[in-house]
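Oh and the sequence shown: position 352 is 351 in numbering that gives the first Met the number 0, straight run, nothing missing.
Ideal Cβ positions, reconstructed from N, Cα and C, are used throughout, including at glycine.
All values derive from a computational prediction rather than experimental measurement.
Notes follow the structure.
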Amino acid sequence: MAPRREEVAAAGKGSSHRDADEEALQAALQESLEPDFMAEILQSEGQRQHQEAERDGGAQLQLGTRANGQETVEKQDREDSGEDSGDDDGDEDDAVEFSRVSSAQDAAEKPQEVEDDEEEEEDPNEDHTLLNFADILLIDILKWLDEDTVGACTCSCRRLLQVARSEVLFEALCRRIFPVQNPRAAAAAARNKFGLRRFPTWFDMFHDRPRVRYNGFYWLKVSYYKKPELSMWTDIAPGTILKCIYYRYFSFQRDGSVLYGMLFKAPHEVETHLRNKRKGVYRGRFYVDRDELAVTVPTNCNEVNFRLQITQRERGKNVKLVLKEHFANSEPDGSGWVNYYDTADEEFYYYRSWNL
């Protein structure tokens, strides 16, 4: 009986060891079946690198195929013409390098083409009906405008700026302005001999030859102090000193006349007064000789005369008149005695007004 018990005990002990080994094997198998995230990450990274390598290899292969095709065609041409093929490897390298340089040049030219397209698209006057007229038609239209309006048009559009540089336009402006202001130019124009003479171009004549400006007026502020006249009708305290201020105005017209006024109104208030020729505004005549301006105005009681010099300021030409001489005849017809007045080189300044 004893040996049988020992065999049973040994068999039970062996089965327990086998169960433990099976459990360990099952645990190891279970662990192997669980996902290894680090391995998956490494595997994905390897696949990505492999795909990039394949893509680069495909591009190089395609580039090499093109180069080989081109080389084959050139080789065939050389064989047909009887020329030596040369070094195949060197030709292949040259073809690849040429392809790279061509690609770089194409990439550099594309942004410039895009910028040019954007500039063409940004032109707001491309479909403008008037600006698409022929140059000669635009010049004929500008001829009907005065010189200040032509200048405003050139500042508003590049197309009009290019057209307004025409000598035909400046010749028309010069023939319109200077014969009216200068008697000698008027006589030359009547004989059809009005020309450039000492000026190289019509633009130089228009720009450099002295003239008076239209579309506005010249003004001079006069101020002085005086003692009041005391009488039984005045309420001014004795010892009071008065400051007197008045203005002289010249508004030159395109028909050769000039509007003259000696008024108490300031320049920004006198436009309507001059335009309607109200009280104190008289019409006279003027002429320009080189840079000298002569103005003669008959009034109700006498005839006033001015001799002025046409000069310039920082903001433009022909915008300042320097009073050199001022005298008046006692009779409106220019007869009688003459009274001279002190001038002290007083200066008239130009004031633009489109309402005159």
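Inset, instruction - Taking the CB atoms as reference points, tell me whether F263 and Y248 lie closer together than 8 Å. - result: no
Legend entry - Rounded C-alpha distance that separates A343 from N354: For A343 and N354, the distance between alpha carbons rounds to 32 Å.
Legend entry - Range covered by the beta strand (DSSP E) that runs through T310: Taken as a continuous stretch (DSSP letters only), the beta strand (DSSP E) holding T310 covers 302 to 312.
Inset, instruction - State yes or no: is the C-beta of P199 within less than 8 Å of the C-beta of N317? - result: no
Inset, instruction - Count the other CB atoms, across all protein chains shown, that sit within 10 Å of the CB of I176; report buried if there are 16 or more and exposed otherwise. - result: buried
Inset, instruction - Would you mind stating whether D288 and N181 have Cβ atoms separated by less than 8 Å? - result: yes
Inset, instruction - Please work out which residues of its chain come closer than 8 Å, Cβ to Cβ, to D332, disregarding the five sequence neighbours upstream and downstream, and give them in chain order. - result: The beta carbon of D332 is closer than 8 Å to those of P297, E302 in its chain, skipping five residues each way along the sequence.
Inset, instruction - Go ahead and label M204 buried or exposed: buried means 16 or more other beta carbons lie within 10 angstroms of its beta carbon, across all protein chains shown. - result: buried
Inset, instruction - Go ahead and label S222 buried or exposed: buried means 16 or more other beta carbons lie within 10 angstroms of its beta carbon, across all protein chains shown. - result: Burial is judged here by how many other beta carbons sit within 10 angstroms of a residue's own beta carbon; S222 has fewer than 16 and is exposed.
Inset, instruction - Give the single residue among V321, N191, D207, P123 whose Cα lies nearest to the Cα of R197. - result: D207
Inset, instruction - Take every Cβ of the stretch 261 to 276, pair it with every Cβ of the stretch 308 to 323, and state whether three or more of those distances are shorter than 8 Å. - result: Flag = no, the stretch 261 to 276 and the stretch 308 to 323 do not touch.
Inset, instruction - Starting from R282, follow its DSSP beta bridges and name the residues at the other end. - result: According to DSSP, which records beta bridges pairwise, R282 is partnered with L258.
Inset, instruction - In the DSSP assignment, find the unbroken beta strand (DSSP E) run with I244 in it and report its ends. - result: 241 to 251
Legend entry - Spatially closest choice to Y339 from K242, N328, F347, by CA coordinates: Closest option to Y339, Cα to Cα, is N328.
Legend entry - Strand pairing of T295, partner residues [DSSP]: T295 pairs with R284, N304.
Inset, instruction - Within the same chain, show all residues whose beta-carbon is closer than 8 Å to that of R356, passing over the 5 residues directly before and after it, in chain order. - result: In the structure as shown, the chain starts at 0 and stops at 355, and residue 356 therefore has no counterpart that could be examined.
Inset, instruction - Would you give the residue range spanned by the beta strand (DSSP E) that E351 belongs to? - result: Rather than Glu, the amino acid found at residue 351 in this sequence is Arg. Unbroken beta strand (DSSP E) run through R351: 346 to 351.
Legend entry - Per-residue DSSP class, three states only, for S222: For S222, the secondary structure class from DSSP, reduced to helix, strand or coil, is strand.
Inset, instruction - Would you check if the distance between the CB atom of K323 and the CB atom of Q311 is smaller than 8 Å? - result: no
Inset, instruction - Check the DSSP bridge columns for E324 and list the partner residues they point to. - result: R306
Legend entry - DSSP three-state assignment for V337, whether helix, strand or coil: strand
Legend entry - Nearest residue (CA-CA) to R253, options E345, Y286, E22: Y286
Inset, instruction - Quick one: grab the DSSP three-state call for N317. - result: strand
Inset, instruction - Mind checking who G375 pairs with in its DSSP beta bridge? - result: In the structure as shown, the chain begins at 0 and stops at 355. Residue 375 is therefore absent and cannot be evaluated.
Legend entry - alpha helix (DSSP H) segment containing D203, residue limits: 201 to 207
Inset, instruction - Starting from V269, follow the alpha helix (DSSP H) in both directions and report where the run begins and ends. - result: No alpha helix (DSSP H) holds V269; DSSP gives it neither H nor E.
Legend entry - Euclidean distance between Cα positions of R212 and D126: 36 Å
Legend entry - Start-to-end residues for the alpha helix (DSSP H) that takes in G150: 146 to 153
Legend entry - Same chain, Cβ closer than 8 Å to V179, five either side skipped, listed in chain order: A185, R253, D254, G255
Inset, instruction - May I ask you to report which of helix, strand or coil DSSP gives E22? - result: DSSP places E22 in helix when its eight states are reduced to three.
Inset, instruction - Could you check what DSSP says for R157 in three-state terms: helix, strand or coil? - result: helix
Legend entry - 7 Å Cβ shell around A293 - same chain, five flanking residues per side excluded: Excluding sequence neighbours, A293 sits near F285, Y286, R306.
Inset, instruction - List the whole-angstrom C-beta distance separating G260 from G279, where the pair is believed to meet the contact cut-off of C-beta under 8 Å. - result: 5 Å
Inset, instruction - Pick helix, strand or coil for L195, following the three-state DSSP scheme. - result: coil
Inset, instruction - Leaving aside the five residues before and after I240 along the sequence, list all residues of the same chain whose C-beta is less than 7 Å from its C-beta, in chain order. - result: The residues are Y224, K226.
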